[in-house]
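Structure first, commentary second.
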Amino acid sequence: MLSYQQLLVAIPLVLKAGNVPTIVGEAGIGKSALVADVADQMQAKLFTTTVSLSEKGDLAIPIPPLTDKAYVQTTRYGELADVKFGYTHTLIEIIHAAEAESNRPIIWFLDEFNRGTPAVQSELMNLVLQRQINTLKLPAQVHLILAENPDATMAGFEQSDYGVVTGDAAINDRTVRLVMRADTADWLAWARQDNGHGQPRIQPTVTRFIEENPNQLRPSDHDDDLYPTPRAWARVSANLTQLSILPADQQSALRLDVLAGDLGVTVSHAFEQYLRRDEQGLTAAEIYADAEETPELSATVLDRFDRFNPGQQQSILADLVDQNPTYPLNTPQVAGRFLTLLQHLAPDGQYAIALKIAETPEILEGLAAHAEQKPDAVADLYQALAQIGVASDAQN
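Take 1 as the starting number for the sequence shown in UniProt numbering and just add one per residue.
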């Protein structure tokens, strides 16, 4: 399997050798973006046909409109019938491009090749094998690139369940299969490139999340229906840009559901928590930095915490509770710093955090078990939580 950057070298190499590369990769992995980058690298004009959306007859049996404009006379390639929006119209555009710039490479990208019907694939056989359609031969500067999703007959993809049509043996024998893998480092490098408008291709919050959680680019364990892919993360970035225009209350109401529409429930919740931490500006890593050396919270961190409004402060503490698996509250260093921040919350915020902990039995039980054994910061935290609950009950 080859990474994005490796394929940027391999594909032009195969084309220069006079062969046809077939890029095989999971849906959303970035095959189309890769071909666009190859075209830019080769300074080639790119044409794309999505084979899965095409019908039998689009190429071999054109039915032009009954006007003189339907026929296009070329200087070197004969007369063609122009049927817009089918293969034939793409051919007209390719021929015109070849005549206009005879030395410029042209790439014709046949995307989702093995998701086309057998009849459509059959029509494309001569194009791929003989570089010919009826009596028309493709100009020498035209390079074909195919893209396919994996099918169960391919080595390494025996468990694949894509709805594809198994490729013809003749096609397989005449093309060079290049298997693409999702590579986090490559994707991050691509995501940080300028989009032509002075901005990175992907929002920095997305790239930072993937950098810190590289397995989430395309996780092996995911929800059954929706799950992250490189293409899904690109959509997430675009959606976040549009969400940022809305008022804060609308963003808060919509964001999680919009994220779930691309990433699925599991990953969208993880990313939403990350976004909240990013917005808070004070992370668990900053709060618990060097906690093993001293349980005391630094004056700098405490000052930053005090500058937030009560809602933000409560959100920071709630996030610390969620991160208990990483920073367990039943350890003295963590408990001491958590208690310091808890005591700086307003009474309503303290009660909300105490209630959140009470609703997580494993945290509360861990605090209680430790408090029975040692009179340290964990015991102090457990006692403070109990007092918060008693005080609230007394007020009610």
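C-beta: ideal position from N, C-alpha, C; glycine also.
These numbers were taken from a predicted model, which means no experiment stands behind them.
Counting only the same chain and skipping the five closest in sequence on each side, list residues whose C-beta sits under 7 Å from that of Arg177. The residue labelled residue 177 in the question sits at position 177 within the sequence shown. These residues qualify, in order along the chain: Thr22 and Val24.
Beta-carbon contacts of Met1 that lie in its chain and below 6 Å, excluding the five residues immediately before and after: Stepping through the sequence shown from its first residue, residue 1 is reached at position 1. Val179 and Arg181, listed in sequence order.
Sheet register partners of Trp187 (DSSP bridge): Residue numbering aside, residue 187 sits at position 187 when the sequence shown is read from its first letter. Assignment of beta-bridge partners to Trp187 by DSSP yields no partner.
Going by DSSP in three states, Glu148 sits in which element: helix, strand or coil? The sequence position of residue 148 within the sequence shown is 148, counting from 1. Glu148: strand per DSSP, three-state reduction.
From Asn149, Glu101, Gln132 and Glu212, pick the residue whose C-alpha is nearest to that of Ala50; which is it? The residue labelled residue 50 in the question sits at position 50 within the sequence shown. The residue asked about is misnamed: residue 50 is Thr in this sequence, not Ala. For Thr50, the nearest C-alpha among the options comes from Asn149.
What's the gap between the Cα of Asn19 and the Cα of Val128? On the sequence shown, residue 19 is found 19 positions in, with the first residue counted as 1. On the sequence shown, residue 128 is found 128 positions in, with the first residue counted as 1. Rounded to the nearest angstrom, the two C-alpha atoms are 10 Å apart.
Name the DSSP beta bridge partners of Asp194, please? Here residue 194 refers to the residue found at position 194 when the sequence shown is read from its first residue. Under DSSP, Asp194 shares a beta bridge with Pro200.
Measuring CA to CA, which of Gly198, Leu217 and Arg174 is closest to Asp186? Here the question's residue 186 lines up with position 186 in the sequence shown. Nearest Cα to Asp186 within the set Gly198, Leu217 and Arg174: Leu217.
Please state the DSSP three-state secondary structure of Thr135. In the sequence shown, the residue the question calls residue 135 occupies position 135. Residue state, collapsed to three classes: coil.
Is the region 309 to 326 touching the region 346 to 359, taking contact as three or more C-beta pairs under 8 Å? Taking a cut-off of 8 Å on C-beta distances, the region 309 to 326 touches the region 346 to 359, as three or more cross pairs fall below it.
Go through its chain and collect everything with a Cβ distance to Gly30's Cβ below 6 Å, but skip five positions before and after it. In the sequence shown, the residue the question calls residue 30 occupies position 30. Closer than 6 Å at the Cβ level, and outside the excluded window around Gly30, lie Pro230.
Could you spell out the range, first to last residue, of the alpha helix (DSSP H) harbouring Arg115? For the purposes of this step, residue 115 is identified with residue 115 of the sequence shown, where counting begins at 1. Careful: Arg115 lies outside any alpha helix (DSSP H) and carries neither H nor E.
Beta-carbon contacts of Ala191 that lie in its chain and below 6 Å, excluding the five residues immediately before and after: Within the sequence shown, the letter at position 191 stands for residue 191. These residues qualify, in order along the chain: Arg201, Ile202 and Thr207.
C-beta atoms of Glu112 and Leu53 nearer than 9 Å: Indexing the sequence shown from 1 puts residue 112 at position 112. Indexing the sequence shown from 1 puts residue 53 at position 53. Going by C-beta atoms, Glu112 is nearer than 9 Å to Leu53.
Between which two residues does the beta strand (DSSP E) holding Pro21 run? Stepping through the sequence shown from its first residue, residue 21 is reached at position 21. Looking at the DSSP string, the run of the beta strand (DSSP E) that includes Pro21 is Val20 to Val24.
Residues in its own chain within less than 7 Å of Arg174 by CB, not counting five upstream and five downstream? What you label residue 174 is simply residue 174 of the sequence shown in a count that begins at 1. So the qualifying residues of the chain are Val20, Val128 and Leu129.
On the DSSP bridge assignment, give the partners of Phe47 in chain order. For the purposes of this step, residue 47 is identified with residue 47 of the sequence shown, where counting begins at 1. Per the DSSP secondary-structure output, Phe47 pairs in a beta bridge with Trp108.
Ordered list of alpha helix (DSSP H) runs contained in the region 214 to 300, each at least 4 residues: Segments of the alpha helix (DSSP H) lying fully in the region 214 to 300: 230 to 243, 248 to 280 and 284 to 287.
Where do the N-terminal and C-terminal ends of the alpha helix (DSSP H) with Leu367 fall, by residue? On the sequence shown, residue 367 is found 367 positions in, with the first residue counted as 1. Note, Leu367: alpha helix (DSSP H), Pro361 to Gln373.
If you run the structure through DSSP and keep just helix, strand and coil, what is Leu345? Taking the sequence shown and counting its residues from 1, one reaches residue 345 at position 345. The DSSP-derived three-state label of Leu345 is coil.
To the nearest angstrom, report how far apart Val334 and Asp257 are at their CA atoms. In the sequence shown, residue 334 corresponds to position 334, counting from 1. In the sequence shown, residue 257 corresponds to position 257, counting from 1. Cα to Cα, Val334 sits roughly 33 Å from Asp257.
According to DSSP, simplified to helix, strand and coil, what is Pro125? The residue you call residue 125 lines up with position 125 of the sequence shown. Reading the sequence as shown, one finds Met at residue 125 and not Pro. It is helical.
Are Leu329 and Phe338 closer than 9 Å when you measure CB to CB? Your numbering for residue 329 matches position 329 in the sequence shown. Your numbering for residue 338 matches position 338 in the sequence shown. Against a cut-off of 9 Å, the Cβ pair of Phe338 and Leu329 comes out as a contact.
From the DSSP output, in three-state form, read off Arg177 for me. Counted from its first residue, the sequence shown places residue 177 at position 177. If DSSP states are grouped into helix, strand and coil, Arg177 belongs with the strands.
Check this for me: beta carbons of Leu275 and Thr205, under 9 Å apart or not? Working through the sequence shown from its first residue, we reach residue 275 at position 275. Working through the sequence shown from its first residue, we reach residue 205 at position 205. The Cβ-Cβ distance between Leu275 and Thr205 falls below 9 Å.
Would Leu297 and Thr326 qualify as a contact pair, given that the criterion is a beta-carbon distance under 9 Å? One-based indexing of the sequence shown puts residue 297 at position 297. One-based indexing of the sequence shown puts residue 326 at position 326. Cβ atoms of Leu297 and Thr326: not closer than 9 Å.
I'd like to confirm the pairing. Which residues does DSSP put opposite Leu2 in its beta bridges? Here the question's residue 2 lines up with position 2 in the sequence shown. Answer is Met180.
Span separating the alpha-carbon of Gln251 from that of Glu272: Counting from 1 along the sequence shown, the entry for residue 251 is found at position 251. Counting from 1 along the sequence shown, the entry for residue 272 is found at position 272. As the crow flies, the alpha-carbon of Gln251 is around 12 Å from that of Glu272.
Are the beta-carbon atoms belonging to Gln43 and Pro105 less than 9 Å from one another? Looking up residue 43 in the sequence shown gives position 43. Looking up residue 105 in the sequence shown gives position 105. Closer than 9 Å, so yes.
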